[in-house]
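Numbering (my numbering), first residue to last: 81 to 333. We put the CB at the ideal spot given by N, CA and C, even for glycine. Here the structure is a predicted model, which is why all the values come from computation and not from measurement.
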Amino acid sequence: MEITFLGTGTSMGVPIAGGFAPEGLSNDPRNIRSRCSAWVRHNGISILIDAGPEFRIQSIKNKIRTVDHVLITHEHMDHVAGLEDLRAYNYEQKDGIPVYGTSSCIKSIRSRFEYMFGPDKYPGSTTLTLKEIQGPLHFDDLLITPLPVTHGKLNMLGYRLNDFCYLTDVKSIPESTKKLIRGAKMVVLSGLRWEPDHPTHLTIPQAVQLLEELEAEHGLLIHMNSYVNHEESNARLPEHIKLAFDQQVVRLD
Ligand SMILES: [Zn+2]
Ligand SMILES: [Zn+2]
């Protein structure tokens with residue numbers, strides 16, 4: 081399995097619109113973060129997790145030539161704004177693209193992009209097949225397990241793909257979901273900033289504590305804001321937990 085981090089930044093991106101950035105973020109390219117999304121390839125299957133506002137650019141930079149399935153974590157714009165740009169794959173693949181999420185997430189996508197759905201679908205607009213995820217999905221030897229988590233008041237999903245777990249925008253993980261995560265080789269988890277606490281997101285220290293509790297062999301953090309410096313943060317983190325960065329590629333056997 082090969083995982084490419086298309087984006088690792090928080091909802092506003094890093095730097096935010098207008099280029100406003102805290103002093104000292106440095107010229108390290110790993111401190112430039114587009115909105116969170118990941119691309120997973122396994123035995124010829126191409127899966128996109130979320131499609132953020134920079135999906136078009138991310139897809140070009142990372143040479144994404146096919147998209148077979150899209151897993152959506154939740155309906156916030158930084159995770160779905162790029163669905164529109166799957167239109168290019170409709171043309172290439174001559175087919176609609178299945179998009180999976182919770183029933184409320186699917187409902188939200190349908191109303192937000194109403195011109196793409198229903199009898200009045202705008203001619204030539206993106207063709208997505210929205211699918212409510214009810215339980216694990218199997219694609220050949222790839223097992224995808226939805227991982228219910230909370231993001232403040234919002235119930236949303238992370239996903240486990242064989243031994244790889246991807247959890248973004250997390251505030252808390254119920255015990256029943258922790259059981260589904262345990263034993264994975266790699267766990268990706270969001271950590272917004274070092275401090276202070278946030279009502280809907282884990283901080284980096286809270287994410288590290290959760291990864292330790294989950295006994296993750298390898299942990300990678302995503303969804304960081306403008307105040308998180310890559311190199312300085314990694315120096316403070318344990319050896320098996322580091323910040324992910326845009327265009328990072330990870331291979332799992
Ligand atoms: Zn987000
Ligand atoms: Zn969110």
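* Asked: Hey, which unbroken runs of the alpha helix (DSSP H) at 4 residues or more fall wholly within the segment 166-197?
  -> 167-173 and 183-192
Tell me the rounded alpha-carbon separation between I140 and Y169. Along the sequence shown, read from residue 1 onward, the residue named residue 140 stands at position 60. Along the sequence shown, read from residue 1 onward, the residue named residue 169 stands at position 89. Roughly 12 Å separates the two Cα atoms.
- Output the distance between the C-alpha atoms of V330 and H218, rounded to the nearest integer angstrom. The count along the sequence shown starts at 1 and reaches residue 330 at position 250. The count along the sequence shown starts at 1 and reaches residue 218 at position 138. About 22 Å.
For this session: Just mark G335 as buried or exposed, buried being the case when its beta carbon has 16 or more other beta carbons within 10 Å.
Result: In the structure displayed, the chain extends from 81 to 333; residue 335 sits before or after that span and is not available.
Notebook entry, point to check: Does the Cβ of Q214 have 16 or more other Cβ atoms within 10 Å, making it buried, or fewer, making it exposed?
Noted result: Within the sequence shown, residue 214 is the residue found at index 134, counting from 1. Per the 10 Å Cβ criterion, exposed.
* **For V160 and A118, believed in contact at Cβ under 8 Å, the rounded distance** => Here residue 118 refers to the residue found at position 38 of the sequence shown. Here residue 160 refers to the residue found at position 80 of the sequence shown. About 14 Å separates the two Cβ atoms, so there is no contact after all.
Euclidean distance between Cα positions of E75 and P318: Shown here, the chain extends from 81 to 333; a query on residue 75 therefore has no answer.
Q) First and last residue of the alpha helix (DSSP H) that includes F100? A) Taking the sequence shown and counting its residues from 1, the one referred to as residue 100 is at position 20. It is not in any alpha helix (DSSP H) - F100 carries neither H nor E in the DSSP assignment.
Just to confirm before moving on: does the CB-CB distance between L227 and L247 stay below 8 Å? Mapped onto the sequence shown, residue 227 falls at position 147. Mapped onto the sequence shown, residue 247 falls at position 167. Closer than 8 Å, so yes.
What is the DSSP secondary structure of F135, counted as helix, strand or coil? As a position in the sequence shown, residue 135 is number 55, starting the count at 1. F135: helix per DSSP, three-state reduction.
Quiz prompt | Inter-residue Cα distance where the pair is A287 and D326 | solution = On the sequence shown, residue 287 is found 207 positions in, with the first residue counted as 1. On the sequence shown, residue 326 is found 246 positions in, with the first residue counted as 1. Computed Cα separation, rounded: 19 Å.
Tell me the rounded alpha-carbon separation between E312 and Q173.
Start at 1 with the first residue of the sequence shown, and residue 312 comes out as number 232. Start at 1 with the first residue of the sequence shown, and residue 173 comes out as number 93. Between E312 and Q173, the C-alpha separation is close to 43 Å.
Assign Q289 to one of two classes, buried (16 or more other C-beta atoms within 10 Å of its C-beta) or exposed (fewer than that).
Within the sequence shown, numbered from 1, the residue matching residue 289 stands at position 209. Counting Cβ neighbours within 10 Å, Q289 comes out exposed, since fewer than 16 surround it.
Practice problem: Would you give the residue range spanned by the beta strand (DSSP E) that T209 belongs to? | Solution: Here the question's residue 209 lines up with position 129 in the sequence shown. Where T209 is concerned, the enclosing beta strand (DSSP E) stretches over L208 to E212.
Margin query: For a quick check, are the C-beta atoms of Y180 and L151 less than 8 Å apart?
Written below: Here residue 180 refers to the residue found at position 100 when the sequence shown is read from its first residue. Here residue 151 refers to the residue found at position 71 when the sequence shown is read from its first residue. In contact: Y180 and L151 (Cβ atoms closer than 8 Å).
Give the DSSP-derived three-state secondary structure of N309 in the structure shown. Position 229 of the sequence shown, counted from the first residue, corresponds to residue 309. Here N309 sits in coil by DSSP.
**Request:** Tell me, to the nearest whole angstrom, how far the beta carbon of V94 is from that of N309; I am working on the premise that it is less than 8 Å.
**Result:** Counting from 1 along the sequence shown, the entry for residue 94 is found at position 14. Counting from 1 along the sequence shown, the entry for residue 309 is found at position 229. The Cβ separation is near 11 Å, so there is no contact.
Legend entry - Sequence-distant residues of its chain with Cβ nearer than 8 Å to Y202 (five each side left out): Residue 202 sits at position 122 when you count from the first residue of the sequence shown. The residues are Y195 and M196.
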